[in-house]
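For the record, in the sequence shown the residue sitting at position 58 is 214 according to our numbering, with numbers rising by one throughout.
The structure under discussion appears below in the form of structure tokens.
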Amino acid sequence: VRTLIKMEFEKAFEKYDFILTPTAPSAAFKIGEKSDDPLEMYMSDICTVPVNIAGVPALSIPCGFKGGLPVGMQLIGKFFDEATLLRAAYSFEQASGVHMQRAELAGGGQNEL
């Protein structure tokens, strides 16, 4: 299965420099909100599983907020091309400014830089 997933990524990278996906299928959830549902906790990682199986470089970048909680996007790069991936992520951060915003703290305040 790992070989098939790697081959699919290689095929995609013949046409594209990067693949952009959500980091998780939903926005972050509040602390303890899903602790009684292990399946839902597992499913929150589902977007990163193929990347980890294939061993391609990827990173998560904050891209906004929903309900005061952070939302991330996953940028996936070509095998052995981490430098290009890091430059692309840095460019997005500088252009968007989202990395300078902070989520609301559990006590209701906002985390300031």
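Think of the CB as a built atom: it goes at the ideal place given N, C-alpha and C, for glycine as much as any other residue.
Counterpart residues of residue i in DSSP-defined beta bridges
i: residue 227; result: 220
i: residue 232; result: 175, 214
Beta-carbon spacing of residue i, residue j below 8 Å
i: residue 212; j: residue 174; result: no
i: residue 223; j: residue 183; result: yes
i: residue 161; j: residue 210; result: yes
i: residue 231; j: residue 241; result: yes
i: residue 259; j: residue 221; result: yes
i: residue 202; j: residue 245; result: no
i: residue 186; j: residue 197; result: no
Status (buried if at least 16 other CB within 10 Å, exposed otherwise) for residue i
i: residue 256; result: exposed
i: residue 239; result: exposed
i: residue 228; result: buried
i: residue 233; result: buried
Alpha carbon of residue i to alpha carbon of residue j, nearest angstrom
i: residue 159; j: residue 168; result: 14 Å
i: residue 254; j: residue 178; result: 15 Å
i: residue 194; j: residue 171; result: 37 Å
Three-state secondary structure assigned by DSSP to residue i
i: residue 249; result: helix
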